[in-house]
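Visitor: Sharing a structure here in C-alpha cells format.
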Ligand code: NIG
Ligand code: FE
C-alpha cells in the first residue's frame, strides 16, 4: 500500500465543524450558519467549514489516513505539492438527469426571449433517447460524468425519466448504474404523449410493471409532482407512485414546487422523502415543514434551473434562517439546465440567493450527502474516502469570486 503525502494546501476545508486539527482556521470569521443539520455537528462557535490552514493530508488505498498541519506531517512514500491551493471534499451532485440524447438549444433560446417552461420539451428528449442505442447512451453518460469530475464532483445521482416505457426506463437505469450507485427511477417524469388519453393507465404502469423492471437497478424513486404543468403529476398520482416505490424498498425523492406553489414539499415531508428538489415557490407553511423535517427531508436547490429558465430563485435565506437543511445540485438535463458545474451553482447561490460562500460550499458537499442519506461523503474525515476537490485558488471563496473560471477539479492521486 502506497501512502501519498499531499502538501501545499493553503486551506483544507473539511466541512466537519468537529474536525480535530491544530489551529483550525477562521472560527469567528465565517458568515452565517449552514442550517440545523450542520450546526448540530459542532460546538457552539465552531467554524462550520472545519478549516485548517497550511495543511497536509495523507492518502492511502483511496482513503484519507491523516490530515493536519504541514509542520506535523510525517514522511510518506510519495509526495504531491499543491503549491498553495485549497482542498475541499469533492462535490456531491445529488440531482441530475444524465441519461439522454438529443438537443434542445432552440427551446433554451426561445425561453431567453420570453417563452415559458412547462415540461413539454421532455417529450422531445424522450424521443431522441428512445432512438439511441445502448452504446450511444453509455458514451453520452460517461462523457457527462467525466465533465463533472473535471469540475470537482466526486459523487453524482443520476435519474431515468427520458425512456417512459418499461424497457427504456430499465435500460436508462442499467446504464446509469454503470457510473453511480445513486440511481433514481423517474418513470413519473411526465405522461408520455402516447399515454395522454389514459393517464391512470400510465400511473398504473409506473407503479406496477415499470417499477418492477427498474427497482433492481435503482436506489431511489422520484416523481415530477407539479399541478402547474399539464405534463407532470398531480398530488394523488404522485402519492400513488411514491407509495408503490416505498413498498418496493426504494428511497423517495420529489421534484416539487418548481413552476408554482403546490403540494410537492408537503407530500415529500409527509412520506419522509430524503429530498424535495427545486423548492422555487414556497409558502410559509412549506418552509416550516422543511425546517421541522431538517433531519429527514433536505431542500435541494437547483439555481441553474432558474438561470436557464429565467425564473425567480428559490428562497434560500428563508430556508436557512428557519433551520432547514439545504443542498445545492446541478439538475444537469437538456431542458431546464444543461450545466454540469457545481462551481457555477455555488456562484449562483452566493450571487443570486444570498448564501455565503461557506453556506454554498456546505450545501454542495455535506448537504448533497445528506440529500442522499450518505454519511461517508461530503466531508473530509480520517478513514473516509479520498474524494477530494482541489482549487487553483487559495480559498473556497474563489468558487463564487471567480465565476465561470475552471478553477475546480478532482484531486487524482
Ligand atoms: O428537474 N422538472 C422536471 N424535470 C427536469 C427537466 C427535464 C427537462 O425539461 O428535460 C427538471 O427541471
Ligand atoms: Fe430534475
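In my numbering, the protein residues as written are 367 to 779. Glycine residues also receive a C-beta, built at the ideal position from the N, C-alpha and C atoms. Here the structure is a predicted model, which is why all the values come from computation and not from measurement.
#1: When the Cα of residue 527 is compared with those of 548, 367, 699, 520, which residue comes out closest?
#2: What is the rounded straight-line gap between the Cα of residue 743 and the Cα of residue 564?
#3: Closest by CA to residue 443, which one among 369, 748, 581?
#4: Taking the alpha-carbon positions, what's the residue 542 to residue 437 distance?
#5: Going residue by residue through the region 558–591, where are the continuous beta strand (DSSP E) segments of at least 3 residues, counting only ones entirely within it?
#6: Thinking residue 518 and residue 709 are a contact (beta carbons under 8 angstroms), I'd like their distance in whole angstroms, please.
#7: Mind reading off the beta-carbon distance from residue 485 to residue 597? Whole number of angstroms is fine, and I expect it under 8 angstroms.
#8: Does the region 418–428 come close enough to the region 726–733 to have 3 or more Cβ pairs within less than 8 angstroms?
#9: To the nearest angstrom, how far is it from the Cα of residue 632 to the Cα of residue 655?
#10: Measure the Cβ-Cβ separation of residue 785 and residue 776 and say whether it is below 8 angstroms.
#11: Given 7 angstroms as the limit, tell me if residue 474 has its C-beta closer than that to any heavy atom belonging to the ligand NIG.
#12: Taking the alpha-carbon of residue 529 as reference, which of 506, 553, 508 has the nearest alpha-carbon?
#13: Considering just the uninterrupted stretch of the alpha helix (DSSP H) at residue 488, what are its terminal residues?
#14: Between residue 553 and the ligand NIG, is there a pair consisting of the residue's CB and a ligand heavy atom that are separated by less than 7 angstroms?
#15: May I ask whether a heavy atom of the ligand NIG can be found less than 7 angstroms away from the beta carbon of residue 627?
#16: Between residue 469 and the ligand NIG, is the CB less than 7 angstroms from at least one heavy atom?
#17: Compute every distance between the C-beta of residue 368 and the non-hydrogen atoms of the ligand NIG, then say whether any falls below 7 angstroms.
#18: Are there 16 or more other CB atoms within 10 angstroms of the CB of residue 722, so buried, or fewer, so exposed?
#19: Confirm, please, whether the CB-CB distance from residue 666 to residue 460 is below 8 angstroms.
#20: Expressed to the nearest angstrom, what Euclidean distance is found between the alpha-carbon atoms of residue 615 and residue 440?
#21: Tell me whether residue 741 is buried or exposed, calling it buried when 16 or more other Cβ atoms sit within 10 Å of its Cβ.
#22: Considering only C-alpha positions, which residue in the set 385, 658, 720, 508 is nearest to residue 465?
#23: Given residue 641, which residues of its chain have a CB within under 6 angstroms of its CB, disregarding the five upstream and five downstream residues?
#24: Tell me residue 751's beta-bridge partners as DSSP assigns them.
#25: Thinking just about the alpha-carbon of each residue, which of 581, 625, 567 is nearest to the one in residue 593?
#26: What is the DSSP secondary structure of residue 655, counted as helix, strand or coil?
Guide: Put simply:
#1: 699
#2: 43 angstroms
#3: 369
#4: 43 angstroms
#5: 586–591
#6: 7 angstroms
#7: 4 angstroms
#8: no
#9: 7 angstroms
#10: With the chain running from 367 to 779 in the structure shown, residue 785 is simply not present.
#11: no
#12: Taking the Cα of residue 529 as reference, the smallest distance to any Cα among 506, 553, 508 is reached at 553.
#13: 488–497
#14: No, the beta carbon of residue 553 sits no closer than 7 angstroms to any heavy atom of the ligand NIG.
#15: no
#16: no
#17: no
#18: buried
#19: yes
#20: In this structure, the alpha-carbon of residue 615 lies about 46 angstroms from that of residue 440.
#21: exposed
#22: Taking the Cα of residue 465 as reference, the smallest distance to any Cα among 385, 658, 720, 508 is reached at 508.
#23: 619, 664, 666, 737
#24: 429
#25: 625
#26: It is helical.
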